[in-house]
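Okay, structure first, notes after.
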Ligand SMILES: Cc1cc2nc3c(=O)[nH]c(=O)nc-3n(C[C@H](O)[C@H](O)[C@H](O)COP(=O)(O)O)c2cc1C
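In the numbering used here, the protein residues as written are 13 to 328.
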């Protein structure tokens, strides 16, 4: 922790904040103290997807302390994966109880489990005595209603969780509406656990609002705000840089591009990944971004892509 007395955690964002992004980000920006990796699904016992394990392997994650996240609801499969991670040296893991996507929720995973506190109870009662890793949980207020969490909090209180990360929306809300600060305040009164705030911190003023409202919280998780504006954690922590910000963003982009080039097989894959990020960077970092962003997203070759990217910097 620095003199700011609070910790900024990079949120897990599947398809964005993989190990490549986390490492390149850490080479170019400061202010983020740790990360939670995008989820790894349990896949039955004796089956582990090497590409997913590569994402959280400690040797590859020395630049930014990263907690792997597991999505699943079968205790034995969870224990199998948690044990495997522990053997790799991973002492801390996170359980995903927040994923809002209906395909996942229908299978009673992610936010789909939030309506069933008794199932979560059995899960934790079975899993916790059998794993050596410390466990934290990331959750929403509920699947369908923001009141569901109040039946769950007493269950979570029974167990020695490392912390609970709350994104104060319901699952069916997806990312619509705004984070519910009143409900979050009520959560704080009804749990014994350490709570991390997560949701809609997109600039200094939205950070200041939650920082002032929830003075007992010292950990803030930020996702889309950092994708949109990689300088955000530095701004929040008042880190001063004398380097030109356009050049810093260019260098970050080019480094990320070069690193993804080594991983993604075809040019479409590579530019596809980068275009996904531009959907956030465009509105987040540039003034008149609409036309230049459209041109980046339309670009059909690497040369065209790079040409269009060069042009957008004139609008920063
Ligand atoms: C594209 C995308 C992918 C996400 N992937 C995950 C994930 O793998 N695990 C998870 O717990 N949350 C995931 N989330 C939710 C974020 O971690 C975070 O809770 C949410 O975006 C709210 O925080 P923010 O407003 O700071 O972005 C994802 C969100 C988005 C938009």
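Ideal placement from N, C-alpha and C gives every residue a C-beta, glycine not left out. Predicted, not measured: the structure shown is a model, and the values here were computed from it.
Where do the N-terminal and C-terminal ends of the alpha helix (DSSP H) with residue i fall, by residue?
| i | result |
| --- | --- |
| residue 261 | 257 to 275 |
| residue 208 | Residue 208 -> not in any alpha helix (DSSP H); beta strand (DSSP E) instead, spanning 207 to 210. |
| residue 329 | Residue 329 lies beyond the range of the chain shown here (13 to 328); nothing can be said about it. |
Under the criterion of a Cβ to heavy atom distance below 6 Å, does residue i qualify as lining ligand 1?
| i | result |
| --- | --- |
| residue 236 | yes |
| residue 50 | yes |
| residue 245 | no |
| residue 170 | no |
| residue 164 | no |
| residue 23 | yes |
| residue 179 | yes |
| residue 74 | no |
| residue 30 | no |
| residue 150 | yes |
What residue range does the beta strand (DSSP E) around residue i cover?
| i | result |
| --- | --- |
| residue 154 | 146 to 154 |
| residue 196 | It is not in any beta strand (DSSP E) - residue 196 instead sits in the alpha helix (DSSP H) that spans 193 to 201. |
| residue 47 | 46 to 48 |
| residue 108 | 104 to 109 |
| residue 21 | 19 to 22 |
Using the Cβ count rule (16 or more neighbours within 10 Å means buried), how would you classify residue i?
| i | result |
| --- | --- |
| residue 62 | exposed |
| residue 13 | The predicted position of residue 13 is uncertain, since its pLDDT is 45 and thus under 50; no value can be drawn from it. |
| residue 259 | exposed |
| residue 185 | buried |
| residue 216 | exposed |
| residue 187 | exposed |
| residue 277 | exposed |
Do the CB positions of residue i and residue j come within less than 7 Å of each other?
| i | j | result |
| --- | --- | --- |
| residue 68 | residue 49 | yes |
| residue 82 | residue 44 | no |
| residue 109 | residue 97 | no |
| residue 210 | residue 159 | no |
| residue 86 | residue 145 | no |
| residue 129 | residue 164 | yes |
| residue 84 | residue 90 | yes |
Return helix, strand or coil for residue i, following the three-state DSSP convention.
| i | result |
| --- | --- |
| residue 64 | helix |
| residue 32 | helix |
| residue 316 | helix |
| residue 283 | helix |
Determine, for residue i, whether the minimum Cβ-Cβ distance to residues of chain C falls below 7 Å.
| i | result |
| --- | --- |
| residue 193 | Here there is only one protein chain, and chain C is not present. |
Under the criterion of a Cβ to heavy atom distance below 6 Å, does residue i qualify as lining ligand 2?
| i | result |
| --- | --- |
| residue 212 | Ligand 2 is absent from the structure shown, which contains only ligand 1. |
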